[in-house]
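First the structure, in the form of structure tokens, and then the observations on it.
Protein chains: 2
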Amino acid sequence: MNLPDIDSNVLDAVAASRRPSAELPSLEPRPSPAATKGVLPAAALDQLFRLARTYNEWSARDVDDRTIHEVYELLKWGPTAANSNPARFVWVRSREGKEKLAALAMEANRAKIMAAPVTVIVGHDLAFAETMPKLFPARGEMLREFYREPAVAAETALRNSSLQGAYLILAARALGLDGGPMSGFDNAGVDREFFAGTRIQSNFICSLGYGEPGTPFPRNPRLSFEEAGRWA
Amino acid sequence: MNLPDIDSNVLDAVAASRRPSAELPSLEPRPSPAATKGVLPAAALDQLFRLARTYNEWSARDVDDRTIHEVYELLKWGPTAANSNPARFVWVRSREGKEKLAALAMEANRAKIMAAPVTVIVGHDLAFAETMPKLFPARGEMLREFYREPAVAAETALRNSSLQGAYLILAARALGLDGGPMSGFDNAGVDREFFAGTRIQSNFICSLGYGEPGTPFPRNPRLSFEEAGRWA
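So this is what it looks like as structure tokens:
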């Protein structure tokens, strides 16, 4: 598909050229000067990437409401196309919710869902176009029309809710949690059980908790820099 | 589509049940005990999420080869379905490369591509099934067959290369760089120009560099926890 998407950067620029920046809503402080940024400490790089693992087995430590809210309050800042934020989250933690989700998962994923403190269903709202006036006030009507086109909406939703799912995993790690992402489940069934009456579709699911140390198996290899890419 | 995907966790468990774990290849140290993990310092959370912005304008500071390699060496550890790692990267930094890419971008993105030290094309290889014996030795043949099915490959590739694109953005931020992701370009044209003779397709592009402080416009709002989700 070759439909050009619309970048928030472009639209920010367009919006800013139309009216003085002083009139644009300022919702929070500007970023700190770049001088304060640098390479994060080695322990942080280890925790986020180098030593992080996905988990199937969890320590007894629970994950409280506040921690889940904190995960969301971090992940929500990750960039999406035109600030569309199409991802929707169901934080499954009740016994009833886990049983409903587990029944729709691959056999091998059922025990994992029941054991995890929380398993979040990452979905995307195919009707996210309707949120554009709220999420991008300066160009909301134009963006609403643009994203009402079903093929554009579907591809944008899958791409950007996947980005947001990755922000979720890394936000959880940044708060000391571990994740266990899974895509082995009946998507249509989950959509019926958890998103009935909406246009939200499930993308993947991810358990959250404090992983049981020592349980992950040795890591599989990764592609080298040269195998995965090249300069141009 | 309702084809169950296959999770690396499942397959790790299956593989481990078949032979003693001592025989599994150990490529690197096990993760540190969970006791060493905790909430990252506030400055790190700011840099990764809370104060991070996307940029269109860049300081004069260049991005050297080593830094790009370091970005990859972090992002490669992010989890993907069955360790499939379908993303492929073209790190565009030559004048010729930038001109070729800019010519295929939306008008408003052209100057951004020319100005950025590096713009990476994040693509995914629809033939990633062929890498499974290398990336998941214990179940490589089975996974190769599974991912050869075109619809499974296409959805898995888009989902997981998007995850990897998000890992790229956050790995760059973790190293003090800034990103400027864009999806406003001619995907088919980029595939012809940069991925001819392969089954690699472009997903999105992302400039990398040191953002010019003060240039981002005020942020647009995000959805609240309750607007974006619910408990179950």
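Protein sequence lines correspond, in order, to chains A and B. Quick note: the first sequence, position 154, residue 154 per our numbering, numbers continuous. Quick note: the second sequence, position 54, residue 286 per our numbering, numbers continuous. Ideal placement from N, C-alpha and C gives every residue a C-beta, glycine not left out. Please read all numbers here as calculations on a predicted model, not as lab measurements.
Would you say residue i reaches chain B, if we count a Cβ-Cβ gap shorter than 8 Å as a contact?
i	result
Ala151(A)	no
Tyr147(A)	no
Ser183(A)	yes
Arg159(A)	yes
Gly38(A)	yes
Gly97(A)	yes
Pro221(A)	yes
Leu135(A)	yes
Does residue i come out as helix, strand or coil in the three-state DSSP assignment?
i	result
Asp178(A)	strand
Leu208(A)	strand
Gly421(B)	helix
Gly229(A)	strand
Ser456(B)	coil
Asn203(A)	strand
Leu3(A)	Summary for Leu3(A): the model assigns pLDDT 34, below 50, so the residue's position carries little reliability; its value from the coordinates is reported in the next sentence. Reduced to three states, the DSSP call for Leu3(A) is coil.
Ala34(A)	Reliability fails at Ala34(A), whose pLDDT of 43 lies under 50, so the model's placement of it is uncertain and the value that follows must be treated cautiously. Ala34(A): helix per DSSP, three-state reduction.
Glu447(B)	Here residue 447(B) is Thr; the residue named in the question, Glu, does not match the sequence. Looking at Thr447(B) - three-state DSSP - the assignment turns out to be coil, as it is neither helix nor strand.
Ile388(B)	Note on identity: in this sequence residue 388(B) is Thr, with Ile being the wrong assignment. Helix, per DSSP.
Phe195(A)	coil
Arg173(A)	helix
Ser394(B)	helix
Glu381(B)	coil
So residue i and residue j are supposed to be a Cβ contact under 8 Å. How far apart are they, rounded?
i	j	result
Leu126(A)	Val190(A)	Going by Cβ atoms, the distance from Leu126(A) to Val190(A) rounds to 15 Å, so no, they are not a contact pair.
Leu75(A)	Tyr210(A)	Incorrect: roughly 18 Å between the Cβ atoms, too far for contact.
Asp62(A)	Pro117(A)	5 Å
Ile432(B)	Thr351(B)	Not really, about 17 Å apart at Cβ, beyond 8 Å.
Tyr304(B)	Ala228(A)	7 Å
Gly412(B)	Lys344(B)	6 Å
Leu170(A)	Ser394(B)	Actually they do not touch by this definition, with Cβ atoms about 14 Å apart.
Ser316(B)	Thr388(B)	6 Å
Any beta carbon of chain A sitting closer than 8 Å to that of residue i?
i	result
Arg342(B)	no
Ala361(B)	no
Ala460(B)	yes
Leu375(B)	no
Leu336(B)	no
Ala284(B)	yes
Leu280(B)	yes
Leu277(B)	yes
Ala274(B)	no
Ala464(B)	yes
Ala348(B)	no
Trp323(B)	yes
Ala319(B)	yes
Tell me whether residue i, by its Cβ, gets closer than 7 Å to a heavy atom of the ligand MN.
i	result
Ala319(B)	In terms of ligand content, the structure shown is empty, and the ligand MN therefore cannot be addressed.
* Enumerated in chain order, which unbroken segments of the beta strand (DSSP E) with a length of 3 residues or greater are wholly contained in the stretch 70 to 140 of chain A? -> 87 to 92, 118 to 125
* Mind listing which residues of the stretch 395 to 411 of chain B have their C-beta closer than 9 Å to chain A's C-betas, in chain order? -> Leu395, Gln396, Gly397, Ala398, Tyr399, Ile401, Leu402, Ala403, Arg405, Ala406, Leu407, Gly408, Leu409, Asp410, Gly411
* Asked: Using Cβ-Cβ distances below 7 Å, what residues of the stretch 421 to 434 of chain B are close to chain A?
  -> Phe426
* Asked: Quick one, which residues of the stretch 64 to 85 of chain A are near chain B if we go by CB-CB under 8 Å, in chain order?
  -> His69, Tyr72, Glu73, Leu74, Leu75, Lys76, Trp77, Gly78, Pro79, Ala81, Asn83, Asn85
* Entirely enclosed alpha helix (DSSP H) segments - the stretch 41 to 72 of chain A, minimum 4 residues -> 42 to 45
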